[in-house]
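K.L.:
If you read the protein sequences in the order shown, they are chains A and B. When we follow the working numbering, the leftmost residue of the first sequence carries the number -9, and every step to the right adds one. When we follow the working numbering, the leftmost residue of the second sequence carries the number 8, and every step to the right adds one. Yeah, the Cβ is synthetic: ideal placement off N, Cα and C, and Gly gets one too.
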Amino acid sequence: MEPTRNSHATLVDLLDRVLDKGLIIHADLIISLAGVPLIGVNLRTALAGMETMIQYGIMEEWDKCTRTWESEHRKARKDAATLGEEVLLEIPGSYHYSQGIYTAWRTGRIYLTDKRLILYNPSFEEVLFETPLQRIKGLTLEEDKCFTEKARENLCLLLDSGEVARLHAFDTPGLKEAIEQRLLMLGLTWQQIPSLSLQDEKTASFLREGEEVVCQGETWHLAISQSQGIAPSQNWKHGHLYLTNRRLCWWHDFERRLGFEVPLEHVVHSILVTNECKTAHTNNKKKVLDVIYQGGDGKEVASFSGDHLTSWERELNRIVSSEGLETNRHPERTDLQERIGSVPVLQTLSRRESQTCQGGSPIDFALLKDD
Amino acid sequence: MGLETEYIDDTKAGQGEKAKEEALYLYCVANGEEKTNLGAIGISGHEVYTIPYNDICAVVHHCLAHPYQSDNQEVVKTWVIEHQGVVDIAWKKWGTVLPSSFDTMIKGESRDNTEQNMKDWLKREHENLRNKLDKVRGRAEYGVQVFWDPNVIVQNLIETNPEIRELNEKIKLKPKGLAYMYRQKLENLIKREMETGADTCFRVFYSRIKKHTGDIRVEKTKKAEQSLQMILNLSCLVHKDKYAGLGEELSQINQMKGFSVRFTGPWPPYSFVGGS
């Protein structure tokens, strides 16, 4: 083999040598503010656009080739993911993944085949979500605020295991329609409007048999932590308050578990107080909802803060009073007021029709306008 | 060439503090002691001449203290080719040179002062420069780049690697769900084998090539044309006319299925004169 040094074909080799290598003067008198090598770099940038210019960096290099090679093979791999199945719809989409404290929308391509629904991420060659169509027991669209704060539609799939999978697609209603068409063709039946809130990932973990959520909403809770030898401290913690047909529960978002629960029959009353002693979670919200309940050591108070407190108070008192326990509780109120240390602002109890608490969807206070 | 506006115009270059400063642009240090003028062969037609000290000389042109810089790639290319043109002439004339990097300049307050500075530098660095000249005497630098075609290599792996072949056969018999899993496994296996293969090729080729060289530098691998991957990029210091052994070795590698070799040179020994 003979070496070549044709000025055209080996220009790159020449540039590599003349710009990056060669004798360098180590002296104070050398010209350059930034140093000779930097001048080389500057000139490099001028050359970066050259057709024949070679990219720098071993990894970039290797990556690029690997990527090209991979992408070729990935096509085949995608085919493998749907091997032998007819792809009815292919659409970019994402799946709401939640495990432990980690939740995220994971994106990829949604494939609806004649047998399955698949979300596949080609970059990581990963199947993010997959279900046979016959496992879909219900599907509905829900409106959700995505991270950009823009309302968008998610497709909720109720699976036969009771899990709810949330998918978002480039054209979510289109995806829903395509799935439904296919389910119809397969002769499968499904619920049009499944009661998904019961299957909410949070409530699913604490709801008991026959227990239903009546109201729910984002709420702060004044959690009292007690450790031995240290004075109990109080902290406002963020979570969600759930009123079920049996209990009042507060879900601590960070710890992902119930931070407070009390059976409804133990709830004495709830009052909206403007309380200076307890600083609400934000300075501008001075109102605190105190729920008085029968605890192990007598009456205890659980404090909540957040939006829609008036609605909460109303609902709680309605439930409590509809249980017919109201009358017994009144005499104790003064006592409790003393304990709390300020004059509570008592609201008139509104006896609303019982339709909201029996059947139907639970009330999400986030969707209500506060009075 | 239409580059009048691009090259460093000595009359306008260097404003402010640098306006008074002059410089010598160094093309190379040559193994010669004569004071001579090589003519207007330099960058932008500058007159190139030598500044000798003892048995060595600096091949330079005189200009203002301002580095050659441009955003225009054509201009830079032209400068680099001109720089190399001077080095080649000096290399031919004196047999052994230490080529300098582009834009290597020494400055001074006047032309005489600048020449004195260059002389001082030659004097101070004489021993070092002398050693380097001796090291590259009669030798030239050759570029060797080995590429492989990943498609051919993968195909070859599937045919020859028992583990991969077995897995590949298995996939055909698996139901589709499992086949997918197996295919992923196969891809991972191939990827791993490719990486190992590249490492092995590097080692094997490196030692085969090194035998034929006086000195060798491993360069970064770069983006290759079309579907090829560069797996080895070397600069080899070899006796100017004794590259036949290296050429033969490279021919053999070049004939291997899926491999190709790029062999360039002879270059002045740019890769072997840096450092101290």
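Could you give the uninterrupted runs of the beta strand (DSSP E) lying entirely in the segment 23 to 84 of chain B, keeping only those of 3 residues or more?
P.N.:
29 to 37, 44 to 46, 55 to 60 and 63 to 71
K.L.:
Please check the pair Arg236(A) and Val252(A), which I expect to be a contact at CB under 8 Å, by giving their CB distance rounded to whole angstroms.
P.N.:
The distance from the Cβ of Arg236(A) to that of Val252(A) is about 10 Å, inconsistent with a contact at the 8 Å cut-off.
K.L.:
Based on DSSP bridge pairs, tell me the residues matched to Pro163(A).
P.N.:
In the DSSP output, where bridge partners are listed per residue, Pro163(A) has none listed.
K.L.:
Are Thr234(A) and Leu197(A) touching if we call contact CB-CB under 8 Å?
P.N.:
At a Cβ-Cβ threshold of 8 Å, Thr234(A) and Leu197(A) count as neighbours.
K.L.:
Please give me, in chain order, every unbroken run of the beta strand (DSSP E) with length at least 3 that falls completely inside the segment 124 to 170 of chain B.
P.N.:
You should have 146 to 155.
K.L.:
Suppose the cutoff is 6 Å on Cβ atoms and the five residues either side in sequence are ignored; what does the same chain contact list for Trp324(B) look like?
P.N.:
Nothing about residue 324(B) can be read from this structure; chain B reaches only from 8 to 283.
K.L.:
What does a CB cutoff of less than 7 Å around Ala175(B) pick up in its chain, not counting 5 residues either side in sequence?
P.N.:
The question names Ala, but residue 175(B) in the sequence shown is Asn. Contacts found: Ile165 and Leu193.
K.L.:
Would you report the Cα separation of Phe279(B) and Gly102(B), rounded to the nearest angstrom?
P.N.:
16 Å
K.L.:
Taking a cut of 7 Å between CB atoms, which residues from the segment 45 to 70 of chain B lie near chain A?
P.N.:
none
K.L.:
Please check the pair Gln181(A) and Gly128(A), which I expect to be a contact at CB under 8 Å, by giving their CB distance rounded to whole angstroms.
P.N.:
Contact check for Gln181(A) and Gly128(A): beta-carbon distance about 3 Å, within the 8 Å limit, so the pair qualifies.
K.L.:
For the beta strand (DSSP E) containing Tyr110(A), name the first residue and the last one.
P.N.:
Arg106 to Asn111
K.L.:
Alpha carbon to alpha carbon, how far is Ser293(A) from Gly229(A)? Give it in angstroms, no decimals.
P.N.:
13 Å
K.L.:
Tell me which same chain residues have a C-beta within less than 8 Å of the C-beta of Leu165(A), skipping the five on either side of it?
P.N.:
Leu79, Ile81, Gly83, Ile100, Leu102, Leu145, Leu157 and Ala159.
K.L.:
Of all Cβ atoms in chain A, is any one closer than 8 Å to the Cβ of His90(B)?
P.N.:
yes
K.L.:
Measure the C-alpha to C-alpha separation of Glu148(B) and Ile197(B) and round it to an integer number of angstroms.
P.N.:
36 Å
K.L.:
Under three-state DSSP, which class holds Glu232(B)?
P.N.:
coil
K.L.:
So Thr179(A) is in the alpha helix (DSSP H); what residue range does that whole segment cover?
P.N.:
No alpha helix (DSSP H) holds Thr179(A); DSSP gives it neither H nor E.
K.L.:
Verify the CB distance criterion: does Pro273(B) have a CB-CB separation below 8 Å to chain A?
P.N.:
Yes, contact with chain A.
K.L.:
Counting only C-beta atoms, is Ser267(B) closer than 8 Å to chain A at any point?
P.N.:
False, the Cβ-Cβ gap to chain A never drops below 8 Å.
K.L.:
Compute the Euclidean distance between the alpha carbons of Lys277(A) and Glu153(A), then round it to the nearest angstrom.
P.N.:
37 Å
K.L.:
Residues in the same chain with beta-carbon distance under 6 Å from Gly9(B), minus the five sequence neighbours each way, listed in chain order, please.
P.N.:
At Gly9(B) the pLDDT is 39, less than 50, meaning the model places this residue with poor confidence; the figure from the coordinates comes in the next sentence. The same chain holds no residue with a CB closer than 6 Å to that of Gly9(B) once the five nearest residues on each side in sequence are set aside.
K.L.:
Which word fits Val203(A), buried or exposed, when buried means at least 16 other C-beta atoms lie within 10 angstroms of its C-beta?
P.N.:
If you draw a 10 Å sphere on the C-beta of Val203(A), you find 16 or more other C-beta atoms in it, and that means buried.
K.L.:
Is the beta carbon of Leu31(B) closer than 8 Å to that of Ser107(B)?
P.N.:
Result no, Cβ atoms of Ser107(B) and Leu31(B) do not sit closer than 8 Å.
K.L.:
Is the shortest distance between the beta-carbon of Arg(-5)(A) and the beta-carbons of chain B less than 8 Å?
P.N.:
yes
K.L.:
So, is the C-beta of Leu37(A) closer than 8 Å to a C-beta in chain B?
P.N.:
Annotation note: pLDDT 43 at Leu37(A) (below 50); position unreliable, coordinate value reported separately. Closer than 8 Å to some Cβ of chain B, the Cβ of Leu37(A) qualifies, so yes.
K.L.:
Report the option in Glu116(A), Ala94(A), Leu118(A) and Met175(A) whose CA atom is closest to the CA atom of Asp104(A).
P.N.:
Met175(A)
K.L.:
Using a Cβ-Cβ distance cut-off of 8 Å, determine whether Thr111(B) contacts chain A.
P.N.:
yes
K.L.:
In or out: Arg210(B) buried (at least 16 other Cβ within 10 Å) or exposed?
P.N.:
Answer is exposed; the Cβ neighbour count stays below 16.
K.L.:
Quick check: the segment -4 to 10 of chain A against the segment 82 to 100 of chain B, are there 3 or more CB pairs under 8 Å?
P.N.:
yes
K.L.:
Between the segment 256 to 264 of chain B and the segment 133 to 141 of chain B, do three or more beta carbon pairs fall short of 8 Å?
P.N.:
no
K.L.:
Once DSSP output is grouped into helix, strand and coil, what is the label at His219(B)?
P.N.:
Note: His219(B) maps to coil in three-state DSSP.
K.L.:
Flag this pair as touching only if the segment 39 to 52 of chain B and the segment 116 to 131 of chain B have three or more C-beta atom pairs under 8 Å; answer yes or no.
P.N.:
no
K.L.:
Any beta-carbon of chain B closer than 8 Å to the one on Ile14(A)?
P.N.:
A Cβ of chain B is located within less than 8 Å of the beta carbon of Ile14(A).
K.L.:
Can you list the residues of chain B that Thr103(A) reaches, using a CB-CB cut of under 9 Å?
P.N.:
Going along chain B, no residue has its Cβ under 9 Å from Thr103(A), so there is no contact; the nearest lies around 10 Å.
K.L.:
Run through the DSSP bridge pairs and tell me what Arg96(A) is partnered with.
P.N.:
Tyr85(A)
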